[in-house]
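Worksheet: the structure to be examined is printed underneath.
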Amino acid sequence: MAPRDPLLASLKGKHPQQRSDGGIVTDSSPHLPSCCELLELVLRKGLQQPVLSLVQRDYWQCFEQLPHQDTCSRLSALSLAVEQTRVCRKLISAQGRGRYLLRLALGRRTLSQFFTHLLHTPRVLEWYSPTSSIFRNEEFVEPFMSLLLVLSHMEFKLDMEVSEKLQHVCDTYEVVPCREVGMVLRFVGRVFVLDLVPGSQAHVDMFVSSGDIIDEINGTSLRNCKNGQAGVVLSRLKGCPLFIRILRCRAQDGTIYRPLVKILRALRTENPNAQLGLTPQQKQANVGQKIVYIVKYLGKANIGMFGGKEVLQHAIPQVLHKNQPSKEVLLDLKETHLTSSMSPQKLFEHHYPEVSCVGRFAQPGYTIFAFCVADSSETPRSSGFCCVVLKAGNMKECEDIVCRIAAGFKHTEWFV
Numbered sequence: 001m002a003p004r005d006p007l008l009a010s011l012k013g014k015h016p017q018q019r020s021d022g023g024i025v026t027d028s029s030p031h032l033p034s035c036c037e038l039l040e041l042v043l044r045k046g047l048q049q050p051v052l053s054l055v056q057r058d059y060w061q062c063f064e065q066l067p068h069q070d071t072c073s074r075l076s077a078l079s080l081a082v083e084q085t086r087v088c089r090k091l092i093s094a095q096g097r098g099r100y101l102l103r104l105a106l107g108r109r110t111l112s113q114f115f116t117h118l119l120h121t122p123r124v125l126e127w128y129s130p131t132s133s134i135f136r137n138e139e140f141v142e143p144f145m146s147l148l149l150v151l152s153h154m155e156f157k158l159d160m161e162v163s164e165k166l167q168h169v170c171d172t173y174e175v176v177p178c179r180e181v182g183m184v185l186r187f188v189g190r191v192f193v194l195d196l197v198p199g200s201q202a203h204v205d206m207f208v209s210s211g212d213i214i215d216e217i218n219g220t221s222l223r224n225c226k227n228g229q230a231g232v233v234l235s236r237l238k239g240c241p242l243f244i245r246i247l248r249c250r251a252q253d254g255t256i257y258r259p260l261v262k263i264l265r266a267l268r269t270e271n272p273n274a275q276l277g278l279t280p281q282q283k284q285a286n287v288g289q290k291i292v293y294i295v296k297y298l299g300k301a302n303i304g305m306f307g308g309k310e311v312l313q314h315a316i317p318q319v320l321h322k323n324q325p326s327k328e329v330l331l332d333l334k335e336t337h338l339t340s341s342m343s344p345q346k347l348f349e350h351h352y353p354e355v356s357c358v359g360r361f362a363q364p365g366y367t368i369f370a371f372c373v374a375d376s377s378e379t380p381r382s383s384g385f386c387c388v389v390l391k392a393g394n395m396k397e398c399e400d401i402v403c404r405i406a407a408g409f410k411h412t413e414w415f416v
């Protein structure tokens, strides 16, 4: 029986699954990340490190050297891709450049050509171990190149917008003006989120996880910052909208990003109570989830110049006594505002700072609730506040909606 390499067997297993999806392979294709990771593992297997160098060698350096070491006259596709990758300023690590180059090769269907050049360039090929590398084993090279030909016949349309997602999983956390973001930070070479303060904006939003890295705040990079610099930046921007670039400690499949494993272990040792890194199930439930309720719109009424919570006990009956026809609507509680829509039109939209009060109607059932906002009707003479009254499906749902709206306008009070 011919010898088999487990990496090649795994890579081969991804091809039928990719092709069975049919059509174009995009970033959302479920098997793309594992396929690219297997390619990286093949490229790193048996790659020997230089003895007298402090810089760790990665597969990017192999491809980078090919235009200089390979005398083949058909290097144009490889040279262009290497140069495009090399001059990109946003790529700061060998891993990021290598991943970007692989994505270029997949999109241009030239990946097999890249490896062909690698295989007939002895000066670069000698960097690989003759005993453990796939490239130095004739029995493994042929099946590997066959797999690359299969990839070359597939159409890839990948997002080449350079960002940290090629080196980490990256998200942008948009924070509305608030008294306290509520992230406990710890500096260990990078700015880590150690914990979230209960009841704070970050805790309510459920976007950031313990163990994530703060990479940038409103355009200020924290990559090479000093201890305490993140706190200084946040203090300077107190009361302003924040755009925080987050590097996730976990990949999209839930696995911890490998270079962070040792650091997270050290942080967990120092802080045993810190919940560093949510489980994948928790992460999927919290990130990117919409909060939409099906409620009945009962009407609204102008309540004068005072919009405190005391007026709700009079304003809600005032609306109910009008006996306006109820309408079933979708109430969407977003991060910065709430909207209500009734296909095909939007009924209303209010940002949380506009909400002066919210509460339930004290009656059996506790399913009717209301909130007051500045009156914005089309009538030029209208002024003061209006009370919007809605009915939830049950008492628990009504309580949840009221609490979410209350948390929204509590955390979005502007500084004066």
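Anchor point for the sequence shown: position 76 equals 76 in full-length UniProt numbering, and the numbering is continuous, going up by one each time.
For each residue, glycine too, the CB sits at the ideal point set by N, CA and C.
For I294 versus V358, is the C-beta distance shorter than 8 Å? As a position in the sequence shown, residue 294 is number 294, starting the count at 1. As a position in the sequence shown, residue 358 is number 358, starting the count at 1. Cβ distance not < 8 Å, so I294 and V358 don't count as in contact.
What residue does the beta strand (DSSP E) around G307 start on, and which one ends it? Taking the first residue of the sequence shown as position 1, residue 307 is located at position 307. G307 -> no beta strand (DSSP E), and no H or E assigned at all.
Would you mind sorting L149 into buried or exposed? The rule is 16 or more other CB atoms within 10 Å of its CB. Translated into the one-based positions of the sequence shown, residue 149 becomes position 149. Exposed: under 16 other Cβ atoms inside 10 Å.
On the criterion of 16 or more Cβ atoms from any shown chain inside 10 Å, does D159 qualify as buried, or is it exposed? On the sequence shown, residue 159 is found 159 positions in, with the first residue counted as 1. D159 comes out exposed.
For S29 and Q289, the rounded distance between their alpha carbons: Stepping through the sequence shown from its first residue, residue 289 is reached at position 289. Stepping through the sequence shown from its first residue, residue 29 is reached at position 29. Below a pLDDT of 50, predicted positions are generally treated as unreliable, and Q289, at 44, falls in that range; the measurement from the model is reported next regardless. Their Cα atoms are separated by approximately 20 Å.
CB I217 to CB I244, shorter than 8 Å? The residue given as residue 217 occupies position 217 in the sequence shown. The residue given as residue 244 occupies position 244 in the sequence shown. In this structure, I217 lies near I244, with their beta-carbon atoms less than 8 Å apart.
Secondary structure of M183, DSSP reduced to three states: Your numbering for residue 183 matches position 183 in the sequence shown. Three-state DSSP puts M183 in a strand.
Let me know if I134 comes out buried or exposed under the rule of 16 or more other beta-carbons within 10 Å of its beta-carbon. One-based indexing of the sequence shown puts residue 134 at position 134. A residue is called buried once 16 or more other Cβ atoms fall within 10 Å of its Cβ, and I134 is buried on that count.
Give me the Cβ distance between L196 and V208, rounded to the nearest whole Å; I'm assuming they're in contact under 8 Å. In the sequence shown, the residue the question calls residue 196 occupies position 196. In the sequence shown, the residue the question calls residue 208 occupies position 208. Contact flag correct, Cβ pair sits at about 7 Å.
Residue range of the alpha helix (DSSP H) that includes F156: Stepping through the sequence shown from its first residue, residue 156 is reached at position 156. Per DSSP, F156 lies in no alpha helix (DSSP H) segment and is marked neither H nor E.
Segments of 4+ residues assigned as alpha helix (DSSP H) that fall wholly inside the UniProt domain "RUN" (26 to 163): Correct list: 32 to 44, 59 to 69, 76 to 86, 94 to 108, 111 to 119, 122 to 125, 138 to 152.
I need the DSSP call for K12, collapsed to helix, strand or coil. Here residue 12 corresponds to residue number 12 of the sequence shown, with the count starting at 1. DSSP places K12 in helix when its eight states are reduced to three.
In terms of DSSP beta bridges, what is L242 paired with? Here the question's residue 242 lines up with position 242 in the sequence shown. Looking at the DSSP assignment, L242 forms a beta bridge with V175.
If you compare alpha carbons, which of S10, E397, R97, S326 is closest to R360? Translated into the one-based positions of the sequence shown, residue 360 becomes position 360. Among S10, E397, R97, S326, the Cα nearest to that of R360 belongs to E397.
Considering only residues of the same chain and omitting the five flanking positions on each side of L222, which have a CB-CB separation below 8 Å? On the sequence shown, residue 222 is found 222 positions in, with the first residue counted as 1. Only R190, V191, I214, D215, E216, Q229, A230, V233 meet the Cβ criterion.
In this structure, what does DSSP give as the bridge partners for E216? In the sequence shown, the residue the question calls residue 216 occupies position 216. Paired residues: S221, R245.
What number of angstroms, rounded off, separates the C-alpha of C387 from the C-alpha of V355? Counted from its first residue, the sequence shown places residue 387 at position 387. Counted from its first residue, the sequence shown places residue 355 at position 355. Going by the C-alpha atoms only, they are around 10 Å apart.
For L11, count neighbouring C-beta atoms within 10 Å of its own C-beta (all shown protein chains included) and say buried if the count is 16 or more, exposed if not. Walking along the sequence shown from the start, residue 11 turns up at place 11. Counting Cβ neighbours within 10 Å, L11 comes out buried, since at least 16 surround it.
First through last residue of the alpha helix (DSSP H) which encompasses D205: The residue labelled residue 205 in the question sits at position 205 within the sequence shown. Residues 201 to 205.
Thinking just about the alpha-carbon of each residue, which of C35, G23, V25, T26 is nearest to the one in A9? For the purposes of this step, residue 9 is taken as residue 9 along the sequence shown, with counting starting at 1. Comparing Cα-Cα distances from A9 to each of C35, G23, V25, T26, the minimum goes to C35.
Nearest by alpha-carbon distance to E399: which of A362, D205, R123 is it? Position 399 of the sequence shown holds residue 399. Comparing Cα positions, the closest option is A362.
Does S235 come out as helix, strand or coil in the three-state DSSP assignment? As a working mapping, residue 235 is identified with position 235 in the sequence shown. S235: helix per DSSP, three-state reduction.
Classify S132: buried if its beta carbon has 16 or more other beta carbons within 10 angstroms, exposed otherwise. If you number the sequence shown from 1, residue 132 lands on position 132. Classification for S132: exposed.
One or two residues paired with V208 in a DSSP bridge: Sequence index remark: in the sequence shown, residue 208 carries index 208 (1-based). According to DSSP, which records beta bridges pairwise, V208 is partnered with nothing at all.
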